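Data first, discussion second: the structure below is written as structure tokens.
Residue numbers (the working numbering), protein chains in the order written: chain A, 1 to 369; chain B, 1001 to 1358; chain C, 2001 to 2561.
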């Protein structure tokens, strides 16, 4: 449904030019939910705005459905209002001078040819029902709460059943509880309407929960793209690993290469040796970082194979789980334990890591550490 | 051509031979004073009477004179600064002087010593008993020039004439008859002040009757499209926008010439002469200085200075002044401001003013 | 405690500054007959003034219709020009934007009298430069073709003269627009034109109408242009009538009659102000709801760039460049016809060598600065009181402070004169009476401060309190610094207004308190056109640095948004 090829966008500012999007390519199939995930400034919003037509790309091409909507090198710049899209803005952008009904009806009223009065009425009420706001149709826009405005924004974006739905961090202005709730509703909504969706966010929990595909962006480029589980469990580099969820990085050196599918890493500080599947080829003695998630570590009271020695520094009770900070060598490992486990600060314990859930990176690639 | 005319022509041509730059430079010494004369004033010695008044005035050190504008009285402080250094003259020149004076008097503030204004405005002050009787006769005033039992003395006149820029209009082009101004060749070419025109016309009405005057004014404004304005007419005259300013005065022409211009005036068949008067205020804060200044202003030296610096000549009580002779020689009819015709004229003024103001 | 005292003090000062002219106005309207000044023994309470004024057919036949046409016409022109300019500067990629912004403010510098005279010189039917040029080009005869002394002439001139102020306010309004509102319309399928009419204009409407209403009010109060251009055109409006009542020449000013006329003006002002307030509250609600955009989307002009620049250039030429040239020319030549003109610096030499001129300069600066300072401070304190406290009378205070716009400066001047003549305070005749008279314009500063305060969240002040700071410290260290851009803007605006103020100092003048505008008028009246123009030029030169200061603070505000 959406094909983006080698998208480039450069901004001219007072301090010189800024190359915000540097060759981004991806595709979303019909009905898919695709998320661009990354920190502020990574270019995800710019990419979205180029797809919307609110910015003009400088290079590459964008195709929505069968329509080539942007191809700067060949002079194709379809303006935003001709693209068959719906968009929800971070600030919702509900028009204050209209009531709820008019806000949602707007895309239909400006459409050429304009649908009949009854058609508009029906479509709008359907859209409002979709978001549960049909009773507020006549309410003035200035009298809506944040959550209500957001729902109206959705209704408006979907009322003319567009080919593509663009969402620009729509949940970031909501409080935590509401955000979770809206996340479910949004997933529901998208599933029910089957609309192709492009979602932009910096919240990795959202990205992982809602998407079919996640693309992690950094510095104007897509660093890794794939389904949520793949990106989470098999980050391609340390940056991605760090961005998605909490990651523990343990320094070590390749000590031995076993058969073709495993290697041993001697962890610095002689706190242990891990035998891990070898997914990349490493030379012996290469300095590496072993990366694993908190939920993949188990606490043991005695040493064993593939364990790492450590000392508990802090325990944070969090209700459903306790987060434990363990000092293992130079690293402070974060892990999760059941609240009922009786350990305390200062205890010496051994960490058992599931080797199949570890990833090994060369040490230089983790320079940001 | 009469001798009077010749001398004024000579006077005029003298001003033309002085280069413009020199004239401008030799012009106003102080920008905030009035337009000034070209030569230093010949210093006449003080008469014994005046000398004594001066001595008595010195301890007071200052005196204040109020009048309609800086043009009319602003030159006095400069002269005193030159000649009578022990007395500092300050002035208030304002169109609102009467209202201010009355208001201040009510509040028991007395800052004005002498009052110099047209008879009409002086009436407002006099009727409120704010002036004192003064012995003007001993200062040389003629009986017909003393009003209200000595409270007010006639000083000089604002003589109403049309004026024009000599580089654009010749003296002889301007008719002496008011009716002749209705000629189509003056269409779109004349300007008049919204205040001065009705005032001048009120004098005409005394001679012609109201109806004829009204008709004349309407034709002037509606048919000949004379511009009526509140702004000073000099801009319009010198830019050539309008060629004749109907209701100006000899004084205006003289002042402009003092500033280096080349302006002519044309005395008409009827010459309206508004009366400027002088009075001493009742609660004068500097009585001796006031007496001295009043006495000095009555001297012929002062009158000459008045004429040169402020452009105001005495036509009423001095038949020998150059302007008087000019009027006589051309057999024109001056009409003076008088206490008995004042009410009538004020009434005419009100009605004619309505026409002027639309 | 100190806080409450200061606030109460500010409120009292504000009410005092405004109610003096107001009460005077109300009282005088009912005092007569005209032979006596309102406070004299012969004067008594009477309705005669009202009958005379309101039963006069001329009022209904010509004055009211003329005033209505004049106001409607010039406000329309002002709106069209100011909105186009504001739009070009704020929402497009017009080149040289910040220089243009500054240049557009130029007519604010110049006393309107000067503008009037300059335009007369340019467009008078017989000898106006423009007309001479056109006639020469096309070889036609006779007066014209352009005659400034007509109703259209008056309307256009007033429209142009009022533009800078409305332009400033519209720029501020345009800046409050959240661009995502327009983007949402775009992505909903509306073309740019449809977006403009269905979204941009309606959302901005209250923010645009408010300055327009203000402009109408200010136009109704205008003196100079109706007198210098309208009156010769036989177009008499309200203020013309006021002028002739107050300058009856040969007679005492008719204060009663003038006050009766001004009463109607006050009533209209109150109505307009109520409307204005309503609009502003609507606009504020929209802004609060939608938040402010952090980056305005700028329309690309493309091939419209040239016409846009031509438009801006035409406005600047007629409103700023030509009057400045006329001023300069007149000051150097003394205002004669082209053929007689010789250039010389004499006018400037005479002027600058005269100590009284420099005294007037100093006076003008002091008066303008002090009155602007007082009005700004009081205005800021008042608006704080209105917005942040629960003080019962605060709406009334708000209303009264705003009412000050409805009082013509002519009335304010006379009221002040009367008051200080009667009070034993030795202020009459000094520059301090001018300071007091000018300071009644609290409306402007209250409005600006209020807008600024609304953007400062109350929590910032609360945090200061929690940290242990008393009220005074909070105001001093938190609120005032945050409000600085707004305070500075209002100070500078009032400074410029005070600098070129003319009616009030004319009325209150004495030997000691001459200011530049009075000096100019004096010279003009004394036919010293060259020096008058020189003063005008110098006024402009003195105030140009102020414009640059204003620009820095106003643009800084723009960039911070």
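Even glycine gets a Cβ: it sits at the ideal position worked out from N, Cα and C. From a predicted model like this one, the values you see are computed outputs, not experimental measurements.
Item: Report the option in A:335, A:118 and A:201 whose CA atom is closest to the CA atom of residue 294 of chain A.; Value: A:335
Item: Determine, using beta carbons only, whether residue 136 of chain A and residue 149 of chain A come nearer to each other than 8 Å.; Value: no
Item: Looking at the structure shown, is residue 1158 of chain B part of a helix, part of a strand, or coil, going by DSSP?; Value: strand
Item: Would you kindly work out how many angstroms separate the C-alpha atoms of residue 1321 of chain B and residue 1314 of chain B, rounded to a whole number?; Value: 7 Å
Item: Would residue 2109 of chain C and residue 2543 of chain C qualify as a contact pair, given that the criterion is a beta-carbon distance under 8 Å?; Value: yes
Item: Which residues bound the alpha helix (DSSP H) around residue 323 of chain A?; Value: It is not in any alpha helix (DSSP H) - residue 323 of chain A instead sits in the beta strand (DSSP E) that spans 322 to 328.
Item: List the residues of chain B whose Cβ lies closer than 7 Å to the Cβ of residue 2007 of chain C, in chain order.; Value: What residue 2007 of chain C touches in chain B: nothing, since even the nearest Cβ is about 34 Å away.
Item: Exposed or buried, residue 171 of chain A, counting other C-beta atoms within 10 Å across all chains shown (16 or more means buried)?; Value: buried
Item: Is the stretch 245 to 253 of chain A in contact with the stretch 327 to 334 of chain A, if contact means three or more CB pairs nearer than 8 Å?; Value: yes
Item: Which partner residues does residue 350 of chain A have in the DSSP bridge list?; Value: A:300 and A:309
Item: With H, G and I counted as helix, E and B as strand and the rest as coil, what does DSSP make of residue 1355 of chain B?; Value: helix
Item: Output yes if chain C places a C-beta closer than 8 Å to the C-beta of residue 1223 of chain B; else output no.; Value: no
Item: If you drop the 5 nearest sequence neighbours on each side, which residues of the same chain put their C-beta closer than 8 Å to that of residue 25 of chain A?; Value: 4, 5, 6, 7, 60 and 222
Item: Compile a chain-ordered list of the residues in the stretch 1192 to 1213 of chain B whose CB is closer than 8 Å to at least one CB of chain C.; Value: 1194, 1195 and 1199
Item: Let me make sure I understand the geometry here. Which of A:161, A:360 and A:354 has the alpha-carbon closest to that of residue 253 of chain A?; Value: A:360
Item: One question on the structure: do residue 1152 of chain B and residue 1273 of chain B come within less than 8 Å of each other, judged by their Cβ atoms?; Value: no
Item: Roughly how many whole angstroms lie between the Cα atoms of residue 1132 of chain B and residue 1143 of chain B?; Value: 17 Å
Item: Strictly under 8 Å for the Cβ-Cβ distance: is residue 1037 of chain B near chain C by that measure?; Value: Confidence is the limiting factor: at residue 1037 of chain B the pLDDT is only 40, short of 50, which leaves the residue's position unreliable and the question unanswerable from this model.
Item: Is the CB-CB distance between residue 2409 of chain C and residue 2504 of chain C below 8 Å?; Value: yes
Item: Excluding sequence positions up to five away, which residues of its chain have a Cβ less than 6 Å from the Cβ of residue 2242 of chain C?; Value: 2258 and 2261
Item: Near residue 19 of chain A, which residues of its chain fall below 7 Å by C-beta distance, leaving aside the five closest residues on each side in sequence?; Value: 10 and 220
Item: Under 8 Å between the Cβ atoms of residue 1061 of chain B and residue 1087 of chain B?; Value: yes
Item: Could you tell me whether the Cβ of residue 11 of chain A comes closer than 8 Å to any Cβ of chain C?; Value: no
Item: Measure the alpha-carbon distance for residue 2092 of chain C versus residue 2301 of chain C and round it to whole angstroms.; Value: 7 Å
Item: Would you please state the rounded distance, in angstroms, between the beta carbons of residue 327 of chain A and residue 311 of chain A? I believe it to be under 8 Å.; Value: 5 Å
Item: With a 10 Å radius around its C-beta and 16 neighbouring C-beta atoms as the bar for buried, classify residue 1360 of chain B as buried or exposed.; Value: Residue 1360 of chain B is absent from the structure shown; chain B starts at 1001 and stops at 1358.
Item: At what residue ranges does the stretch 1079 to 1166 of chain B contain a whole run of the alpha helix (DSSP H), taking only runs of 4 or more?; Value: 1097 to 1106 and 1119 to 1126
Item: If you reduce the DSSP assignment to three classes, tell me which class residue 1023 of chain B lands in.; Value: Caution applies to residue 1023 of chain B, whose pLDDT of 34 falls short of 50 and renders its modelled position unreliable; the value that the coordinates give is listed next. Residue 1023 of chain B: helix per DSSP, three-state reduction.
Item: Leaving out five residues before and five after residue 344 of chain A in sequence, what residues of the same chain have Cβ atoms less than 6 Å from its Cβ?; Value: none
Item: Could you check whether residue 2083 of chain C and residue 2208 of chain C sit closer than 8 Å to each other, using their CB atoms as the reference points?; Value: yes
Item: Hey, quick one: how far does the alpha helix (DSSP H) through residue 201 of chain A stretch, first residue to last?; Value: Not the alpha helix (DSSP H): residue 201 of chain A falls in the beta strand (DSSP E), residues 196 to 201.
Item: Do the stretch 187 to 207 of chain A and the stretch 161 to 170 of chain A touch if we need at least three Cβ pairs shorter than 8 Å?; Value: yes
Item: Within a Cβ cutoff of 7 Å, which residues of the same chain sit near residue 2404 of chain C, ignoring the five residues on either side of it in sequence?; Value: 2018, 2440, 2441, 2442 and 2443
Item: Along the chain, where does the alpha helix (DSSP H) that runs through residue 2087 of chain C open and close?; Value: 2064 to 2091
Item: Contact check, residue 1991 of chain C vs residue 2199 of chain C under 8 Å by CB: the rounded distance?; Value: Given that chain C is displayed from residue 2001 to residue 2561, the structure contains no residue 1991 of chain C and the question cannot be resolved.
Item: Which of the three DSSP states is assigned to residue 2253 of chain C in this structure?; Value: coil
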